[in-house]
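First the structure, in the form of structure tokens, and then the observations on it.
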């Protein structure tokens, strides 16, 4: 299976590069132990994070939790792109669920890049179809069907039809087929895999990544959360910490000591590449005694000690907060309110 996975990864990278902007992330070097293999942009420069594997069974729980953590913290959708979910071959045009991780085939991803988005998704033990509730109601009323008549034709309850139209639930595949037969295919809605607010993709429980490696990470996360920022820790990606909030989005690579300069430079290079792809910032944090390490890096101006980094981020948060407060006051001024008191 490992050889099949290597072939699948190489083929997928080639095919995706033909239709999208692929930002390859090659750290760690062992692809099977890597949380994320690439960031992928569509024509509108919207980005997703991708983990490639022939089968989902090749991806450990730690890698999946990290990928979910990066996704939820950075507000960027993430997918496992695979040939199989366990022993089952993936069907194109379907978004699968694997213990909270979203899984699609490479063909589904290619089609999505070309504008042909999926409409079917797995929800627990059922496959469902995303429908446009308002369109469903309009078509039902245009046909002159009451809720009861539509329920009878679809072989569901009146409440189910009511809930489909409100968007609170989605029909299973067999029910959707009956609705489409009566009302037409335009009641179906696409699942926008590039949209972080897509309701179908936001149902899984968020993750905070994996356990910390050392006390510096513990202290950094504690202080960043004290600034009301969302934070996630990673071990199997080119970053150690990611954070977001106050219109900030940043990746941080930490020197734990003992790394070979070339290996650490590779890690930082991949981190900065990933940060740029998600329109975020990238930083390196080192112990004061390792300040000389900055000279070995391509962008030494991005290197901070922990204290310098917290001060820097704290300043950015304060700056963003002051800007937000100024805009709020300005909006009040424009309403004619007296703010001179």
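Numbering (our numbering), first residue to last: 230 to 570.
Quick reminder that beta carbons are idealized off the backbone N, C-alpha and C, glycines included.
Give the DSSP-derived three-state secondary structure of residue i in the structure shown.
{"i": "residue 378", "result": "helix"}
{"i": "residue 570", "result": "Unreliable positioning characterises residue 570 in this predicted model, as indicated by a pLDDT of 42, which lies under 50. A coordinate reading is not provided."}
{"i": "residue 399", "result": "coil"}
{"i": "residue 356", "result": "strand"}
{"i": "residue 387", "result": "helix"}
{"i": "residue 362", "result": "helix"}
{"i": "residue 418", "result": "coil"}
{"i": "residue 334", "result": "coil"}
{"i": "residue 441", "result": "coil"}
{"i": "residue 541", "result": "helix"}
{"i": "residue 263", "result": "coil"}
{"i": "residue 250", "result": "strand"}
{"i": "residue 298", "result": "helix"}
{"i": "residue 478", "result": "strand"}
{"i": "residue 316", "result": "coil"}
{"i": "residue 468", "result": "coil"}
{"i": "residue 286", "result": "helix"}
Evaluate residue i with the Cβ neighbour count: other Cβ atoms within 10 Å of its Cβ, from every protein chain shown; 16 or more gives buried, anything less gives exposed.
{"i": "residue 172", "result": "Past the boundaries of the shown model lies residue 172; the chain is included only from 230 to 570, so the question cannot be answered."}
{"i": "residue 442", "result": "exposed"}
{"i": "residue 431", "result": "exposed"}
{"i": "residue 438", "result": "buried"}
{"i": "residue 232", "result": "exposed"}
{"i": "residue 518", "result": "exposed"}
{"i": "residue 572", "result": "Beyond the ends of the chain as shown, which are 230 and 570, falls residue 572; an answer cannot be given."}
{"i": "residue 496", "result": "buried"}
{"i": "residue 323", "result": "buried"}
{"i": "residue 418", "result": "buried"}
{"i": "residue 266", "result": "buried"}
{"i": "residue 269", "result": "buried"}
{"i": "residue 246", "result": "exposed"}
{"i": "residue 484", "result": "buried"}
{"i": "residue 371", "result": "exposed"}
Just tell me which of the options has its CA closest to the CA of residue i.
{"i": "residue 366", "options": "357, 355 and 379", "result": "379"}
{"i": "residue 516", "options": "503, 537, 500 and 505", "result": "537"}
{"i": "residue 547", "options": "506, 453 and 354", "result": "453"}
{"i": "residue 262", "options": "241, 272 and 294", "result": "294"}
{"i": "residue 279", "options": "306, 289, 287 and 258", "result": "306"}
{"i": "residue 403", "options": "446, 357, 371 and 230", "result": "357"}
{"i": "residue 346", "options": "292, 290 and 359", "result": "359"}
{"i": "residue 466", "options": "500, 317 and 509", "result": "500"}
{"i": "residue 285", "options": "265, 480, 327 and 504", "result": "327"}
{"i": "residue 503", "options": "240, 248, 252 and 549", "result": "252"}
{"i": "residue 477", "options": "512, 270 and 370", "result": "512"}
{"i": "residue 234", "options": "260, 282 and 277", "result": "282"}
{"i": "residue 276", "options": "289, 250, 290 and 287", "result": "250"}
{"i": "residue 351", "options": "469, 482, 423 and 321", "result": "321"}
{"i": "residue 260", "options": "272, 508, 448 and 237", "result": "237"}
{"i": "residue 315", "options": "444, 230 and 514", "result": "230"}
Among the residues of its own chain, which have a CB less than 8 Å from the CB of residue i, if the five just before and after it don't count?
{"i": "residue 319", "result": "311, 312, 313, 325, 332, 333, 334 and 337"}
{"i": "residue 188", "result": "Shown here, the chain extends from 230 to 570; a query on residue 188 therefore has no answer."}
{"i": "residue 494", "result": "525, 526 and 527"}
{"i": "residue 362", "result": "393, 394, 395 and 396"}
{"i": "residue 398", "result": "389 and 392"}
{"i": "residue 381", "result": "none"}
{"i": "residue 427", "result": "306, 420 and 421"}
Starting from the C-beta of residue i, find all residues in its chain whose C-beta is less than 7 Å away, skip the five residues before and the five after it, and write them out in chain order.
{"i": "residue 368", "result": "412, 413 and 416"}
{"i": "residue 625", "result": "What is shown of the chain runs 230 to 570, which leaves residue 625 out entirely."}
{"i": "residue 386", "result": "380"}
{"i": "residue 240", "result": "none"}
{"i": "residue 288", "result": "280, 282 and 309"}
{"i": "residue 456", "result": "542, 543 and 546"}
For residue i, which residues from the same chain have a beta carbon less than 6 Å from its beta carbon, with the 5 sequence-adjacent residues on both sides left out?
{"i": "residue 302", "result": "459, 461, 471 and 473"}
{"i": "residue 407", "result": "383"}
{"i": "residue 298", "result": "436, 437, 438 and 461"}
{"i": "residue 355", "result": "401"}
Touch test, the segment 340-350 against the segment 385-393, Cβ-Cβ under 8 Å, three pairs minimum: no
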